[in-house]
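Participant: Residue numbers (our numbering): 1 to 164.
The beta carbon of each residue, even a glycine, is placed where N, CA and C say it ideally should be.
Below you'll find the structure I mean.
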Amino acid sequence: MPTTSSLFRAALGRFASGVTVVTSVDAAGCPNGLTVSAFSSVSLDPPLVVIAIGRDNDSGPAIRGRGRFNVHLLASDQEPLSRRFSERIVGDDPFTGLTPRQDDHGLPWLPGALALLGCRVTQAVDAGDHILFIGEVESIDVADGEPLLYYRGGYRRIEAGSDP
């Protein structure tokens, strides 16, 4: 079959991914964040991860300007948090009503995530309609729990009894 954008989207929708919220701070010092499913580890030594941010998203300039971002690997009960950071209307502040703590660089850390990764940007790569930010992980916090997943356009959870 020839490649079309709708067929490409349908094919990629069959790849289950974890759900993250990526946070940073913009040039004015205001917290910034968005839901990201395009996240992956790149290297163990040094510890590197990559995130993909749409060019039209205001988080890209914040991350590029600050040179840092935090990745929150969401737990299965954090679907509302993911929706809050993905479905917002321009101008809405998704941090309203939340009480994030700040890391050593002034970036927000959201409570309740399975893992929190504090990253320093090592590269920003233009890639089609996205920017890939490669970050060296400089701080880590982990917790127990089950992950929130995204598959075929919807949120999913690991079924009970499906542990490996």
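Can you tell which of V19, T4 and P31 has the C-alpha that lies nearest to the C-alpha of H105?
Facilitator: Position 105 of the sequence shown, counted from the first residue, corresponds to residue 105. Checking every option, the nearest Cα to that of H105 belongs to P31.
Participant: Could you pull the start and end residues of the beta strand (DSSP E) that A148 belongs to?
Facilitator: On the sequence shown, position 148 is the one that residue 148 refers to. The sequence as given places Leu at residue 148; Ala does not occur at that position. Taken as a continuous stretch (DSSP letters only), the beta strand (DSSP E) holding L148 covers L148 to Y151.
Participant: Identify whether G29 lies in helix, strand or coil by the three-state DSSP scheme.
Facilitator: Here the question's residue 29 lines up with position 29 in the sequence shown. Looking at G29 - three-state DSSP - the assignment turns out to be coil, as it is neither helix nor strand.
Participant: Could you tell me the distance, in whole angstroms, from the CA atom of E166 to the CA atom of T4?
Facilitator: Here the chain covers residues 1 to 164 and nothing more, so residue 166 does not appear.
Participant: Which residue or residues does DSSP assign as beta-bridge partners of N70?
Facilitator: Start at 1 with the first residue of the sequence shown, and residue 70 comes out as number 70. Its beta-bridge partners are T23 and G118.
Participant: Quick one: what does DSSP say F39 is sitting in, helix, strand or coil?
Facilitator: Counting from one through the sequence shown, the residue named residue 39 turns up at place 39. F39: strand per DSSP, three-state reduction.
Participant: Quick one: is the Cβ of P108 within less than 7 Å of any heavy atom of the ligand NAP?
Facilitator: Questions concerning the ligand NAP fall outside what the structure shown contains, since it holds no ligand whatsoever.
Participant: Apart from the five residues just before and just after I51, which ones in its own chain have a Cβ nearer than 6 Å to its Cβ?
Facilitator: Locating residue 51 in the sequence shown gives position 51, where the first residue counts as 1. Excluding residues within five positions, the ones whose Cβ falls inside 6 Å are V22, V36, F39 and F133.
Participant: Check whether the region 49 to 64 touches the region 145 to 160, counting contact only when three or more Cβ pairs, one atom from each stretch, lie closer than 8 Å.
Facilitator: Result no; under three Cβ-Cβ pairs closer than 8 Å.
Participant: Taking D77 as the reference, give the member of V121, S139 and L114 with the closest Cα.
Facilitator: The residue you call residue 77 lines up with position 77 of the sequence shown. Per the Cα distances, L114.
Participant: Could you check whether R66 and S24 sit closer than 8 Å to each other, using their CB atoms as the reference points?
Facilitator: Reading the sequence shown from its first residue, position 24 is the one you call residue 24. Reading the sequence shown from its first residue, position 66 is the one you call residue 66. Yes.
Participant: In angstroms with no decimal places, state the Cα-to-Cα distance between D92 and G33.
Facilitator: Along the sequence shown, one-based indexing puts residue 92 at 92. Along the sequence shown, one-based indexing puts residue 33 at 33. Roughly 11 Å separates the two Cα atoms.
Participant: Report the rounded CA-to-CA distance for L178 versus A75, giving the unit in angstroms.
Facilitator: Because the chain spans 1 through 164 in this model, residue 178 falls outside it and cannot be assessed.
Participant: Note down, in chain order, each residue of its chain lying with its Cβ closer than 8 Å to the Cβ of N70, except the 5 sequence neighbours on either side.
Facilitator: Residue 70 sits at position 70 when you count from the first residue of the sequence shown. Cβ within range, chain order: V22, T23, S24, D103, L107, P108, W109, L116, L117, G118 and C119.
Participant: How would you write the range of the alpha helix (DSSP H) that A11 sits in, first residue to last?
Facilitator: The sequence position of residue 11 within the sequence shown is 11, counting from 1. Looking at the DSSP string, the run of the alpha helix (DSSP H) that includes A11 is S5 to L12.
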